[in-house]
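Student: Read in the numbering used here, the sequence shown has 685 at position 35, and its numbers run on one by one without any break.
All C-beta atoms in this analysis are idealised placements derived from N, C-alpha and C, irrespective of residue type, glycine included.
First the structure, which I've put down as structure tokens, then a few questions once you've had a look.
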Amino acid sequence: PQKNPTAVCVPLGYEGPTNPSGPLSNFKPYKLVKVDADGARRPLTNAEMKDFEKSHGAQAEWNKPLTSCARQWQRACEKLLHRLMQDKKKSWCFKEPVDPVGLGIPDYPVIIKHPMDLGTIETMLKKGEISAPDEFIALVRTVFRNAYVYNGTDDPSGVRDTAQKASLFFEKEIAKM
């Protein structure tokens, strides 16, 4: 007999092994997927999602109206992101997704498993797809971490130095919030 599949939360874009008993990654955003008996991961069907919502009501709240507090943190995050993106010295290479073909860096998607950029974060904030300040912070840090990982200490492009300056600015501003 086949084992019942297990529902596991995994980071968006996560492609590695799924081990329900251990941490998957320190990356914050999650989506609910089904892990079948053979280890294959797939999105939940509508019926499975409804079953999950019934059995895990406290964890499956949808379309919760924003409180004034939520709108307040979102406005603060949008304002900080806007300030970061307006400073071309700190953001010139982080405003759009990295184009590996256009930039001639075909190994980028092999090395960077969770690509992120400030423009995507801005869109996610405006659409309400970021649910907490910690998630916003994790996403912005991912932008800079990707720059550090891909561009070594001897990086001639200046991307790593730009990431360090932008990250320092971001961390100082977050500490004030």
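What are the start and end residues of each continuous alpha helix (DSSP H) run of 4 or more residues lying completely inside the stretch 718–783, in chain order?
Tutor: Listed in chain order, they are 718–736, 738–741, 758–761, 768–776.
Student: Give the DSSP-derived three-state secondary structure of residue 697 in the structure shown.
Tutor: It is helical.
Student: Under a three-way DSSP split, which group does residue 817 fall into?
Tutor: Correct three-state label for residue 817: helix.
Student: Give me the Cα-Cα distance between residue 597 and residue 781, rounded to the nearest whole angstrom.
Tutor: Nothing in the structure corresponds to residue 597, since the chain is present only between 651 and 827.
Student: For residue 745 versus residue 775, is the C-beta distance shorter than 8 Å?
Tutor: Their beta carbons are not under 8 Å apart, which means residue 745 does not touch residue 775 by this criterion.
Student: For residue 727 and residue 705, I'd like the C-alpha separation in whole angstroms.
Tutor: For residue 727 and residue 705, the distance between alpha carbons rounds to 34 Å.
Student: Is DSSP giving residue 812 helix, strand or coil here?
Tutor: Helix at residue 812.
Student: Could you check whether the stretch 683–703 touches the stretch 731–747, counting it as contact only if at least three pairs of C-beta atoms, one from each stretch, sit closer than 8 Å?
Tutor: Cβ pair count under 8 Å is below three, so no.
Student: Going by the CB atoms, is the gap between residue 771 and residue 790 shorter than 8 Å?
Tutor: Yes, they are a contact pair.
Student: Looking only at its chain, what residues have a beta carbon closer than 7 Å to the beta carbon of residue 734, apart from the 5 residues adjacent to it on each side?
Tutor: Taken in chain order, the residues that qualify are 740, 741, 768, 816, 819, 820.
Student: Count the other C-beta atoms from every protein chain shown that fall within 10 angstroms of the C-beta of residue 628, then say buried if there are 16 or more, exposed otherwise.
Tutor: Shown here, the chain extends from 651 to 827; a query on residue 628 therefore has no answer.
Student: Have a look at 723, 695, 707 and flag the residue whose alpha-carbon is nearest the alpha-carbon of residue 784.
Tutor: Cα-wise, what sits closest to residue 784 is 723.
Student: Please identify the residue among 736, 721, 764, 798 whose C-alpha is closest to the C-alpha of residue 778.
Tutor: Closest option to residue 778, Cα to Cα, is 721.
Student: With burial defined as no fewer than 16 other Cβ atoms inside 10 Å of the residue's Cβ, what is the status of residue 695: buried or exposed?
Tutor: Residue 695 comes out exposed.
Student: Can you find the residues in the same chain that come closer than 7 Å, C-beta to C-beta, to residue 797, ignoring five residues on each side of it along the sequence?
Tutor: Within the same chain, residue 797 has close Cβ partners 809, 810, 813.
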